[in-house]
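Since the structure comes first, as structure tokens, the remarks are kept for the end.
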């Protein structure tokens, strides 16, 4: 359900693109996506580099915003992907957030959750150690309840992959494999039959959910002791390659388990941020931005042929001939590039299924700039946090936008059903020029990247939009691993770790509440 009117109902105040402009824009995007998928299927995987560790206050603030967005993204799938920023107003700090495609009622529920979360975190640093334990437990519970649908999905998927991984272990004869197999069997016996979606009472759900998270964390520690070679991570990395399909269960198992463990680690980041910037949790307001209307399908029958698209991408005769020749080689099986293009343009034979939307980070940017060309951000940090890395289209957009507002590094995946935000006549000539400049820049980048893949068939992007880090590698802190590093360390004082990262005045009791006796700060976390 979308919050807006039909895409066929266009306001007379809008300044739309010309149909030919849109067709010429989306054709290389569709080809880019199809070529990327072909290359991925052939096993030519090239993943984007992880960003460096957050070392400055600005970098740690970015991590904080990403975490806020992450805990607001409570349902698996694209519609609930969330973006958020903080504006510095005279009377309060304004949290502005948007989602890809969520109804007005859904946005209202998210706003209520975010307001409640900020209120629960406010004043955390001033609590006594015993009070912090209870306060942290309440924060964790609030997040677990709001994210219940996503957690249920992750646990169910994890339970399915558990059996697949056990069967994979049975194909190998090695002492280390036996140890991992015993750990997997123990995890299956403890959580294999838990059905969170069958639990009605909220208190019973929380009890079962926390039990599962404790068991997964215990399994993580047990496998670290059982394996000297990071067995699970090695199998998971192999599972990403097309010639190791039998190992795919390991990469999925790692993804689901580390995603489940990410919620408690998110709380560590949030309470550490409150210690550093308590004002961000005191006088606050929350503002949601409505999701966009899906636009009409900008493509036609001429857009379903790779050679025709490639021909229109060329500027000189030599390029045109080379592009069309390369595209023609991908028409037969196993590539079937034209079939892929047709499936991207329309699904299940539905003519108008290709309906692009404005992504959440662009919605937030557009809302901000429409109200104030030079918005005032907290401490001047011009950043929009997101629950997932930005897609390739948003990466192009923000790179070309003159506001210099930053977003998360791209995960590299291409989503063709992306569109520009609405432009209104009231935006004037300046608005038209700004959009056209961004349009031209994106066109150039899309064509350039599509040609690069056409020539060497080496894709960008990854299977899951959210980052999956090593399962068995202990990490220095949530603040560092969330930015991409995962360095092993000996268990130590969490307060000292956070202090070294300039998140001061944080008690050791800020660590885990999944178990009264578990103060281990190891494991991995995800954004």
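In the UniProt record's numbering, the protein residues as written are 1 to 527.
No residue lacks a Cβ here, since even glycine has one placed at the ideal position from N, Cα and C.
In terms of Cβ geometry, residue 213 and residue 261 form a close pair [threshold 8 Å]. Assignment of residue 89 by DSSP, reduced to helix, strand and coil, places it in the coil class. Sequence-distant partners of residue 311 (beyond 5 residues in either direction) whose C-beta falls short of 6 Å from its own C-beta, in its chain, are 320 and 324. A distance below 8 Å separates the beta carbons of residue 86 and residue 280.
Close CB contacts of residue 309 within its chain, under the 6 Å cut and outside five residues either way in sequence, are with 27 and 31 (chain order). When C-alpha distances from residue 201 are compared across 148, 188, 237 and 238, the shortest belongs to 148.
For residue 183, the secondary structure class from DSSP, reduced to helix, strand or coil, is helix. Take residue 146, set aside five residues on each side of it, and the residues of its chain with a beta-carbon closer than 6 Å to its own are 74 and 113, in chain order.
Counting the other CB atoms within 10 Å of its CB gives residue 449 a total of 16 or more, which places it among the buried residues. Shortest Cα-Cα distance from residue 264 to any of 158, 18, 284 and 71 involves 71. In the DSSP assignment, residue 385 falls within the unbroken beta strand (DSSP E) covering 383-386. Residue 283 is a Cβ neighbour of residue 92, given a cutoff of 8 Å.
Between residue 96 and residue 425, the gap from beta carbon to beta carbon reaches 8 Å or more. Note on residue 171: under 16 other CB atoms within 10 angstroms of its CB, so exposed under the neighbour-count rule. Collapsing the DSSP output to three states places residue 288 in a strand.
Here the alpha carbon of residue 38 sits roughly 8 Å from the alpha carbon of residue 337. In this structure, DSSP gives residue 357 an extended state, which the three-state scheme calls strand. Beyond the five residues adjoining it in sequence on each side, residue 69 comes within less than 8 Å, by CB distance, of 82, 83, 84, 97, 385, 386 and 387 in the same chain, given in chain order. Shown here, residue 94 sits in a strand according to DSSP, grouped into three states.
DSSP lists no beta-bridge partner residue for residue 223. Contact between residue 151 and residue 158 is ruled out by a C-beta separation of about 10 Å, above the 8 Å threshold. For residue 343, the uninterrupted alpha helix (DSSP H) run begins and ends at 337-345, by DSSP.
Inter-segment contact for the stretch 177-190 and the stretch 113-128 is absent: fewer than three beta-carbon pairs are separated by less than 8 Å. When C-beta atoms of the stretch 57-65 are compared with those of the stretch 431-447, fewer than three pairs fall below 8 Å, so the two segments do not count as touching.
Under the three-state reduction of DSSP output, residue 99 falls in the strand class. The Cβ atoms of residue 80 and residue 291 lie no closer than 8 Å to each other. Fully enclosed beta strand (DSSP E) runs of no fewer than 3 residues occupy 284-289 of the stretch 255-332, in order along the chain. DSSP lists 410 as the bridge partner or partners of residue 390.
Taking a C-beta distance under 8 Å as the contact criterion, residue 29 and residue 416 qualify as a contact pair. Spatial neighbours of residue 205 in its own chain (CB-CB distance under 7 Å, excluding positions within 5 residues in sequence) are listed in chain order as 148, 196 and 199. Proximity to residue 329 across 259, 455 and 227 peaks at 455, based on C-alpha coordinates. If you compare the alpha carbons of 22, 13 and 18 with that of residue 356, the shortest gap goes to 22. For residue 405, there is no enclosing alpha helix (DSSP H), since its DSSP letter is neither H nor E. Taking residue 185 as the centre and dropping the five residues before and after it, the same chain places the C-beta of 166 closer than 7 Å to its C-beta, in chain order. Comparing alpha-carbon positions, the option among 88, 57 and 36 lying closest to residue 285 turns out to be 88.
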